[in-house]
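Enquirer: Before I ask anything, here is the structure I am working with.
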Amino acid sequence: MRLIFTILLIGLFKAEGQMVINASAPYRPTLTGIVLDDYTGAAAAYSMRRLRSSYTGNAIRIRKDTTGQPEQDIGFLSNGDLDTGAIKTFLNARSGFVVTWYDQVGNIREGGFNNNVTQTTQANQPRIALNGVIERDNGKPCIVFDGSNDRFSVAVSATGSLERRVITDDNFSVFGVASGALVSGRAIVGQHSGVTGRINFLATDVSGSDKVRLFFNNGTSYSVTSTTVAFNSIQKLLYSEMNGSGTSHVRVNDGNAEGTLNNQTLTPANIRFQIGSEGDGTTNFFNGKAQEFLLYQPNQSANLNAIRTNINNYYGIY
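Rendered as structure tokens:
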């Protein structure tokens with residue numbers, strides 16, 4: 001079947017009879033937050049924006065601080081932003097807390113477990129809204145961790161014996177958008193299985209200085225600490241990386257520090273992925289605000305600047 005398309009051209013004629021056509025490019029709506037479309041291979045991704053255009057799930061599950069303690073999933077608007085209107089309607093001027101932060105990648109660990117991070121203990125759930133007012137950092141919604149007991153972790157089996165790592169070897173990149181108080185040695189994102197089996201991908205410096213560090217302990221402690229740019233109560237873009245050959249990097253915004261962690265092995269036994277504290281969930285709680293964490297395996301050093309640009313363009317960090 002032959003299709004005939006008729007194009008209507010509207011133009012202006014000059015005095016000498018020439019036609020000038022006024023044309024414009026076709027309208028294509030722009031979806032914000034498509035970093036996972038362009039840079040695939042993420043191990044897990046948690047955000048206040050939609051990170052993959054085909055993702056149809058929710059961003060977070062929240063609890064209303066009121067009689068009955070009802071819960072509700074919160075998704076995204078068509079432009080990829082968090083549906084803050086749905087949060088306000090559900091809370092009805094009450095405070096809200098996050099029960100689950102959904103992984104937008106969808107990988108499944110051993111035993112059929114996903115990488116959603118959750119907190120079932122109400123007293124340990126970080127806050128999304130106070131008296132109906134949504135928490136924000138640099139104008140965009142955020143999750144507030146109190147530095148005392150707030151944290152998320154991946155689900156585990158009843159015996160706790162199944163795989164609980166999101167990152168399984170020493171070749172990874174972790175991106176974060178967060179701000180925080182200058183409190184010594186607080187884990188922002190980490191995996192933990194005791195004193196000699198832990199890695200903090202992003203943590204505050206143990207000296208109490210305004211730095212971020214990548215910390216590893218498998219019997220001996222190793223760490224690399226950021227330079228140049230302070231980590232403080234102003235929103236920052238954070239990054240840590242190991243390349244599988246011992247070299248590691250830590251960045252705050254566009255500052256960079258490089259060091260060697262000597263080909264470390266991430267212990268599989270009992271190690272547990274956490275956001276907001278070290279993996280045992282009893283110490284080193286993060287005191288600050290968080291909006292996004294992207295975890296890649298293997299590392300994304302080749303795409304580092306492009307991914308950082310995507311994140312910075314959305315959040316307007318620096």
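According to our numbering, the sequence shown is numbered sequentially starting from 1.
Quick reminder that beta carbons are idealized off the backbone N, C-alpha and C, glycines included.
Note that the coordinates shown come from a computational prediction; the quantities given were computed from them, not determined experimentally.
(1) With the cut-off set at 7 Å, would you say valine 189 and phenylalanine 90 are in Cβ contact?
(2) Whose C-beta lies closer than 6 Å to the C-beta of phenylalanine 215 among residues of the same chain, with five residues either side of it excluded?
(3) Enumerate in chain order the residues of its own chain whose CB-to-CB distance from tyrosine 239 is below 6 Å, with the five nearest sequence positions on each side excluded.
(4) Can you tell me whether DSSP reads asparagine 284 as helix, strand or coil?
(5) Please name the residue in Ala181, Asp65 and Tyr296 whose C-alpha comes closest to that of alanine 44.
(6) Sorted by chain position, which residues of the same chain lie with C-beta nearer than 6 Å to leucine 130's C-beta, five sequence neighbours on each side aside?
(7) Assuming serine 226 and glycine 255 make a contact with CB atoms under 8 Å, what is their CB distance in whole Å?
(8) From threonine 220 to isoleucine 234, what distance separates their C-alpha atoms?
(9) What's the gap between the Cα of aspartate 150 and the Cα of aspartate 210?
(10) If you draw a straight line from the alpha carbon of arginine 50 to that of aspartate 103, how long is it in whole angstroms?
(11) On the three-state DSSP scale, how would you describe glycine 190?
(12) CA-CA distance, glycine 85 and asparagine 92?
(13) Rounded to a whole number of angstroms, what is the C-alpha to C-alpha distance between glutamine 72 and glycine 57?
(14) Going by DSSP in three states, glycine 139 sits in which element: helix, strand or coil?
(15) In its own chain, which residues sit with a C-beta less than 7 Å from the C-beta of aspartate 83, not counting the 5 before and 5 after it?
(16) In or out: proline 126 buried (at least 16 other Cβ within 10 Å) or exposed?
(17) To which residues of the same chain is lysine 140 closer than 7 Å at the C-beta, ignoring the five residues directly before and after it?
(18) Could you have a look at arginine 308 and say whether DSSP puts it in helix, strand or coil?
(19) How many Å lie between isoleucine 60 and phenylalanine 273 at the Cα?
(20) When the Cα of threonine 120 is compared with those of Thr260, Gly288, Glu135 and Val98, which residue comes out closest?
(21) If I'm right that glycine 147 touches valine 183 with Cβ under 8 Å, what's the distance once you round it to whole angstroms?
(22) To the nearest angstrom, how far is it from the Cα of valine 229 to the Cα of alanine 155?
(23) May I ask you to check if the CB of threonine 66 is nearer than 6 Å to at least one heavy atom of the ligand ADP?
(24) Whole angstroms is fine: what's the gap from alanine 123's alpha carbon to aspartate 65's?
(25) Which one of Asn116, Val177, Pro298 and Asn107 has the shortest CA to CA distance from glycine 244?
(26) Straight-line CA distance for lysine 88 to isoleucine 143?
Expert: Once the coordinates are examined:
(1) Position 189 of the sequence shown holds residue 189. Position 90 of the sequence shown holds residue 90. Taking 7 Å as the Cβ cut-off, valine 189 and phenylalanine 90 do not qualify as a contacting pair.
(2) Against the sequence shown, residue 215 aligns to sequence position 215. So the qualifying residues of the chain are Asn200, Ala203 and Ser223.
(3) Here residue 239 refers to the residue found at position 239 of the sequence shown. Counting only Cβ-Cβ distances below 6 Å, and skipping sequence neighbours, we find Phe175 and Arg251.
(4) For the purposes of this step, residue 284 is identified with residue 284 of the sequence shown, where counting begins at 1. Here DSSP, grouped into helix, strand and coil, assigns asparagine 284 to coil.
(5) Residue mapping note: residue 44 aligns to position 44 of the sequence shown, counting from 1. Cα-wise, what sits closest to alanine 44 is Tyr296.
(6) Locating residue 130 in the sequence shown gives position 130, where the first residue counts as 1. If we look at leucine 130 and ignore the five residues flanking it on each side, its Cβ neighbours are Ser95.
(7) Looking up residue 226 in the sequence shown gives position 226. Looking up residue 255 in the sequence shown gives position 255. Going by Cβ atoms, the distance from serine 226 to glycine 255 rounds to 6 Å, so yes, they are a contact pair.
(8) Translated into the one-based positions of the sequence shown, residue 220 becomes position 220. Translated into the one-based positions of the sequence shown, residue 234 becomes position 234. In this structure, the CA atom of threonine 220 is about 33 Å from the CA atom of isoleucine 234.
(9) Translated into positions along the sequence shown, residue 150 becomes position 150. Translated into positions along the sequence shown, residue 210 becomes position 210. The straight-line gap from Cα to Cα measures roughly 21 Å.
(10) Residue numbering aside, residue 50 sits at position 50 when the sequence shown is read from its first letter. Residue numbering aside, residue 103 sits at position 103 when the sequence shown is read from its first letter. Here the C-alpha atom of arginine 50 lies approximately 11 Å from the C-alpha atom of aspartate 103.
(11) Numbered from its first residue, the sequence shown carries residue 190 at position 190. Glycine 190: strand per DSSP, three-state reduction.
(12) The residue labelled residue 85 in the question sits at position 85 within the sequence shown. The residue labelled residue 92 in the question sits at position 92 within the sequence shown. Pairing glycine 85 with asparagine 92, the inter-Cα distance amounts to about 11 Å.
(13) For this step, residue 72 is matched to residue 72 along the sequence shown. For this step, residue 57 is matched to residue 57 along the sequence shown. Between glutamine 72 and glycine 57, the C-alpha separation is close to 13 Å.
(14) Indexing the sequence shown from 1 puts residue 139 at position 139. Look at glycine 139 here: in three-state DSSP terms it is coil, with no helix or strand label.
(15) The sequence position of residue 83 within the sequence shown is 83, counting from 1. Non-local beta-carbon contacts of aspartate 83 in its own chain, meaning distances under 7 Å to residues more than five positions away in sequence, involve Ile74, Gly75, Phe76 and Leu77 in chain order.
(16) By 1-based counting over the sequence shown, the position of residue 126 is 126. When all chains shown are included, proline 126 counts as buried.
(17) Numbered from its first residue, the sequence shown carries residue 140 at position 140. Around lysine 140: Met48, Gln291 and Tyr315.
(18) Position 308 of the sequence shown, counting from 1, holds the residue named residue 308. Of the three classes helix, strand and coil, the one that applies to arginine 308 here is helix, per DSSP.
(19) Along the sequence shown, read from residue 1 onward, the residue named residue 60 stands at position 60. Along the sequence shown, read from residue 1 onward, the residue named residue 273 stands at position 273. In this model, isoleucine 60 and phenylalanine 273 are separated by some 18 Å (Cα to Cα).
(20) Here residue 120 refers to the residue found at position 120 when the sequence shown is read from its first residue. Measuring from the Cα of threonine 120, the nearest candidate turns out to be Val98.
(21) What you label residue 147 is simply residue 147 of the sequence shown in a count that begins at 1. What you label residue 183 is simply residue 183 of the sequence shown in a count that begins at 1. Sure, about 6 Å apart at Cβ, within 8 Å.
(22) Stepping through the sequence shown from its first residue, residue 229 is reached at position 229. Stepping through the sequence shown from its first residue, residue 155 is reached at position 155. Taking the straight line from one Cα to the other gives about 35 Å.
(23) Ligands in the displayed structure: none, and consequently the ligand ADP is not present.
(24) Walking along the sequence shown from the start, residue 123 turns up at place 123. Walking along the sequence shown from the start, residue 65 turns up at place 65. Roughly 11 Å between the two C-alpha positions.
(25) Reading the sequence shown from its first residue, position 244 is the one you call residue 244. Scanning Asn116, Val177, Pro298 and Asn107 for the CA closest to the CA of glycine 244 turns up Pro298.
(26) Here residue 88 refers to the residue found at position 88 of the sequence shown. Here residue 143 refers to the residue found at position 143 of the sequence shown. Note on geometry: alpha-carbon atoms of lysine 88 and isoleucine 143 lie some 15 Å from one another.
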